[in-house]
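Engineer: Take a look at this one; I'll ask things after.
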Amino acid sequence: MLADCLKTVKDTLTLCKAFVSLGSSQSTFAKEIAAICIKACEVCEKECRVHESHHEVCKNCADSCQECISELKKIA
């Protein structure tokens, strides 16, 4: 359902914004938040892939999640 997709995207964005904020201030929690962001991005990517053939924005989001996961794994 698109409602589930939207909730997942919102949660993922909130977590990733927290990571950016903590990471930019060299927080000792950045590594832990990065690991949580990976989990959120994995869930978000999976949910968005369900809708990618019907909604370009879902495909773009899923692709972005995949890229974020790759980068976050360098930190977590």
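Per our numbering, the sequence shown starts with residue 13, numbered consecutively.
The beta carbon of each residue, even a glycine, is placed where N, CA and C say it ideally should be.
Since this is a predicted model, take the numbers as computed values, not measurements.
1) Looking at C-alpha atoms only, which residue of Glu83, Glu59, Lys85 is the closest neighbour of Lys19?
2) Is Val62 close to the ligand GTP? I mean its beta-carbon at under 7 Å from any heavy atom of the ligand.
3) By Cβ distance, which residues of its chain are closer than 6 Å to Cys28, with the 5 residues on each side in sequence left out?
4) Out of Ala47, Ala88, Cys80, Val62, state which residue places its alpha-carbon closest to the alpha-carbon of Cys17.
5) Can you tell me where the alpha helix (DSSP H) holding Ser36 begins and where it ends?
Structural biologist: Short version:
1) On the sequence shown, residue 19 is found 7 positions in, with the first residue counted as 1. Nearest option by C-alpha distance: Glu59.
2) Among the ligands in the structure shown, none appear at all, so the ligand GTP cannot be discussed.
3) Position 16 of the sequence shown, counting from 1, holds the residue named residue 28. By the criterion of a C-beta distance shorter than 6 Å, Cys28 is surrounded in its chain by Cys49, once the five residues flanking it on both sides are discounted.
4) As a working mapping, residue 17 is identified with position 5 in the sequence shown. Nearest of Ala47, Ala88, Cys80, Val62 to Cys17, Cα basis: Val62.
5) Within the sequence shown, the letter at position 24 stands for residue 36. Start and end: 14-36.
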